[in-house]
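Residue numbers (this note's numbering): 5 to 463. C-beta atoms are modelled at their ideal positions from N, C-alpha and C, and glycine is treated no differently. Read the structure below first, then the notes.
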Ligand code: ATP
């Protein structure tokens with residue numbers, strides 16, 4: 005199947021109410037995006053699927069919703085204030101700005117990522133390989149300097165440095181600082197996990213590629229606390245667990261790959277990191293990062309706050325700082341992968357084409373559409389059926405235009421089932437249900453409709 009281009013995806017998302025440019029009537033704000041009625045439904049459904057898999061399915065899993073604004077000391081302890089930065093480099097000729105590591109990654113077609121390299125090593129590689137500016141083609145770059153990604157703001161009425169706070173750069177720290185609260189209040193036993201879905205903010209040097217890299221985005225993070233020595237086993241477990249989740253969401257296996265970080269790419273405290281990459285319209289890119297973070301986070305917070313964050317094993321009486329496995333996925337990047345993977349421009353038997361979003365039914369924005377065949381005769385019954393279905397599912401209602409066109413619109417927004425109300429409905433209390441993917445139609449009794457659809461849209 006041919007890949008959709010990013011430009012086409014951006015247009016389709018706007019046209020059908022998935023995603024609009026942010027602040028559009030004011031000429032936009034660069035790289036900000038607003039989720040429309042269908043996009044916000046899709047996003048919520050993806051979050052619900054993740055929540056089901058990472059919280060509900062595990063009895064030793066807990067969800068948290070921590071504040072975005074945190075005591076600035078959190079970010080000092082975690083190392084974000086001193087080193088949450090990207091290497092910035094400018095072209096002296098055309099003034100374009102780049103992330104030095106991404107410049108190398110693109111130039112080497114992914115063979116080198118520049119991850120974990122210091123400024124010297126990055127600069128040397130760029131010089132030795134004569135990497136040109138992707139925009140003007142010249143090779144006249146500035147030196148590399150580190151640019152901190154944390155957004156700063158002020159709390160309270162005066163804008164002095166004492167009141168400086170940060171918009172969180174990741175959701176993980178809210179979990180680490182609440183480790184003891186959750187463990188004690190939930191009487192949790194190691195190993196256990198804490199999940200959090202929420203916004204994170206990074207003043208990215210080169211945002212772009214639609215919602216792939218933005219300065220405001222949502223993360224779905226899971227911190228799994230385990231006994232030291234068992235961490236590598238759990239690390240492997242989560243690599244597989246995350247991969248399975250993506251496949252169960254309907255993402256095609258051939259568009260996914262694992263990229264294990266080389267030892268020199270790892271941050272000093274990590275024992276292992278693997279990215280799950282997706283084949284986006286512009287090529288493979290990181291979708292999900294899975295890292296063995298050892299006891300680094302709890303140790304730095306314990307040292308910096310002066311609070312004991314060790315776990316006391318009630319069975320063995322052993323006291324230790326748990327190790328952490330962190331699978332962290334961007335909700336927006338996952339949504340983009342789902343959109344790209346689901347799209348098909350299909351040629352039908354009669355030679356005509358249709359656009360379809362083959363979303364897994366459980367994450368489709370609308371589960372079902374109610375379509376009266378002829379408004380004049382079937383509207384009343386259709387509304388009755390809409391009222392019945394909408395108590396159970398997100399239901400679309402469409403009575404305008406010919407039935408063929410209405411089916412096409414539901415296809416492109418990914419509604420898995422269309423229910424048509426016609427004379428048979430009035431006479432026999434049956435409806436036809438059309439399947440989005442096969443386009444086959446079956447006759448179902450109105451009394452059995454809710455159960456029929458319920459069975460098909462479960463995750
Ligand atoms: P990258 O190398 O692409 O900048 P990262 O390694 O810094 O990403 P992490 O800090 O591991 O990313 O964040 C976890 C996940 O959050 C990523 O796998 C990605 O899905 C998502 N993510 C990170 N930065 C952004 C962003 N600017 N916009 C959208 N999603 C993001």
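Assigned secondary structure, residue 230 (DSSP; H/G/I helix, E/B strand, else coil): The sequence position of residue 230 within the chain shown is 226, counting from 1. Of the three classes helix, strand and coil, the one that applies to residue 230 here is strand, per DSSP.
As assigned by DSSP and simplified to three states, the class of residue 412: As a position in the chain shown, residue 412 is number 408, starting the count at 1. In this structure, residue 412 counts as helix in the three-state DSSP scheme.
Residue 221 beta carbon near ligand 1 (any heavy atom closer than 7 Å): For the purposes of this step, residue 221 is taken as the residue at position 217 of the chain shown. Yes, since a heavy atom of ligand 1 falls inside the 7 Å radius drawn around the Cβ of residue 221.
Reduced DSSP category for residue 2 - H, G, I as helix; E, B as strand; rest coil: Outside the modelled stretch of the chain, which goes from 5 to 463, sits residue 2, for which no answer is possible.
Reference residue 418, options 426, 406 and 438, closest by Cα: Here residue 418 refers to the residue found at position 414 when the chain shown is read from its first residue. Check the Cα spacing between residue 418 and each of 426, 406 and 438: the tightest is with 438.
Terminal residues of the alpha helix (DSSP H) in which residue 79 lies: By 1-based counting over the chain shown, the position of residue 79 is 75. It spans 76-81 - the alpha helix (DSSP H) in which residue 79 sits, taken as one unbroken run.
Rounded straight-line distance, which links the Cα of residue 141 to that of residue 337: Taking the first residue of the chain shown as 1, we reach residue 337 at position 333. Taking the first residue of the chain shown as 1, we reach residue 141 at position 137. Taking C-alpha positions only, residue 337 is separated from residue 141 by approximately 30 Å.
Given 8 Å, three or more beta-carbon pairs between the region 244-263 and the region 283-297: Because the criterion of three Cβ pairs below 8 Å is met, the region 244-263 and the region 283-297 touch.
Coarse secondary structure for residue 54, derived from DSSP in three states: Sequence index remark: in the chain shown, residue 54 carries index 50 (1-based). In this structure, residue 54 counts as helix in the three-state DSSP scheme.
Beta-carbon proximity check, residue 371 vs residue 399, cutoff 8 Å: Here residue 371 corresponds to residue number 367 of the chain shown, with the count starting at 1. Here residue 399 corresponds to residue number 395 of the chain shown, with the count starting at 1. It is a contact, given that the beta carbons lie within the stated cut-off.
Reduced DSSP category for residue 41 - H, G, I as helix; E, B as strand; rest coil: Here residue 41 corresponds to residue number 37 of the chain shown, with the count starting at 1. In this structure, residue 41 counts as helix in the three-state DSSP scheme.
Whole beta strand (DSSP E) elements within the region 275-301, 3-residue minimum: The region 275-301 contains these whole beta strand (DSSP E) runs: 276-284 and 287-296.
Where residue 305 falls: helix, strand or coil (DSSP): For the purposes of this step, residue 305 is identified with residue 301 of the chain shown, where counting begins at 1. Shown here, residue 305 sits in a helix according to DSSP, grouped into three states.
Residue 65, DSSP secondary structure in three states: For this step, residue 65 is matched to residue 61 along the chain shown. Secondary structure at residue 65: strand, using DSSP grouped into helix, strand and coil.
Burial state of residue 177, where buried means 16 or more other Cβ atoms lie within 10 Å: On the chain shown, residue 177 is found 173 positions in, with the first residue counted as 1. Flag for residue 177 reads buried.
Those residues which DSSP pairs with residue 152 across a bridge: In the chain shown, residue 152 corresponds to position 148, counting from 1. Bridge partners of residue 152: 89.
For residue 244, three-class secondary structure by DSSP: On the chain shown, position 240 is the one that residue 244 refers to. In the structure shown, residue 244 adopts helical secondary structure according to DSSP, grouped into three states.
Under 8 Å between C-beta atoms of residue 171 and residue 79: Taking the first residue of the chain shown as 1, we reach residue 171 at position 167. Taking the first residue of the chain shown as 1, we reach residue 79 at position 75. The answer is no: Cβ separation not under 8 Å.
Sequence-distant residues of its chain with Cβ nearer than 7 Å to residue 297 (five each side left out): What you label residue 297 is simply residue 293 of the chain shown in a count that begins at 1. Within its own chain, the residues whose Cβ lies closer than 7 Å to the Cβ of residue 297, once the five positions on either side in sequence are excluded, are 273, 274, 328 and 330, listed in chain order.
Three-pair Cβ contact test at 8 Å for the region 191-203 versus the region 294-308: At 8 Å Cβ cutoff, the stretches do not touch.
Closest by C-alpha distance to residue 47, when choosing among 447, 7, 320 and 224: Along the chain shown, read from residue 1 onward, the residue named residue 47 stands at position 43. In this structure, 224 is the residue among 447, 7, 320 and 224 with its C-alpha nearest to the C-alpha of residue 47.
Segment contact flag, the region 97-104 with the region 157-168, C-beta cutoff 8 Å, min 3 pairs: As far as the Cβ criterion goes, the region 97-104 does not touch the region 157-168, which means the pair count is below three.
C-alpha gap between residue 106 and residue 117, whole angstroms: Translated into the one-based positions of the chain shown, residue 106 becomes position 102. Translated into the one-based positions of the chain shown, residue 117 becomes position 113. In this model, residue 106 and residue 117 are separated by some 7 Å (Cα to Cα).
C-alpha gap between residue 359 and residue 326, whole angstroms: As a first step, residue 359 is located in the chain shown; it is residue number 355 there, counting from the start. As a first step, residue 326 is located in the chain shown; it is residue number 322 there, counting from the start. Residue 359 and residue 326: Cα-Cα distance of roughly 50 Å.
Beta-carbon spacing of residue 151, residue 135 below 8 Å: Taking the chain shown and counting its residues from 1, one reaches residue 151 at position 147. Taking the chain shown and counting its residues from 1, one reaches residue 135 at position 131. Between residue 151 and residue 135, the C-beta gap is not smaller than 8 Å, which leaves the two residues out of contact.
Cα-Cα separation between residue 191 and residue 19, rounded to whole angstroms: Here residue 191 is taken as the residue at index 187 of the chain shown, counted from 1. Here residue 19 is taken as the residue at index 15 of the chain shown, counted from 1. Whole-angstrom Cα-Cα distance: 49 Å.
Ligand 1 heavy atom lying under 7 Å from the CB of residue 342: Residue 342 sits at position 338 when you count from the first residue of the chain shown. Between ligand 1 and the CB of residue 342, the shortest heavy atom gap is not smaller than 7 Å.
beta-carbon residue 262 near ligand 1 non-hydrogen atom, thresh 7 Å: By one-based count along the chain shown, residue 262 stands at place 258. No, the beta carbon of residue 262 sits no closer than 7 Å to any heavy atom of ligand 1.
CB contact flag (residue 14, residue 216, <8 Å): For the purposes of this step, residue 14 is identified with residue 10 of the chain shown, where counting begins at 1. For the purposes of this step, residue 216 is identified with residue 212 of the chain shown, where counting begins at 1. With a cutoff of 8 Å on beta-carbon distance, residue 14 and residue 216 are scored as not near each other.
C-alpha distance - residue 255 paired with residue 342, whole-angstrom precision: Stepping through the chain shown from its first residue, residue 255 is reached at position 251. Stepping through the chain shown from its first residue, residue 342 is reached at position 338. Cα to Cα, the separation comes out at about 7 Å.
Length-filtered (3 minimum) beta strand (DSSP E) runs lying within the region 381-445: If we require 3 residues or more, the beta strand (DSSP E) runs fully inside the region 381-445 come out as 399-401, 421-425 and 434-439.
Closer than 7 Å: residue 333 CB and nearest ligand 1 heavy atom: Sequence index remark: in the chain shown, residue 333 carries index 329 (1-based). Within the cutoff, so yes.
Residue of 408, 252, 128 and 204 minimising C-alpha distance to residue 363: Mapped onto the chain shown, residue 363 falls at position 359. The shortest C-alpha separation from residue 363 is found at 252.
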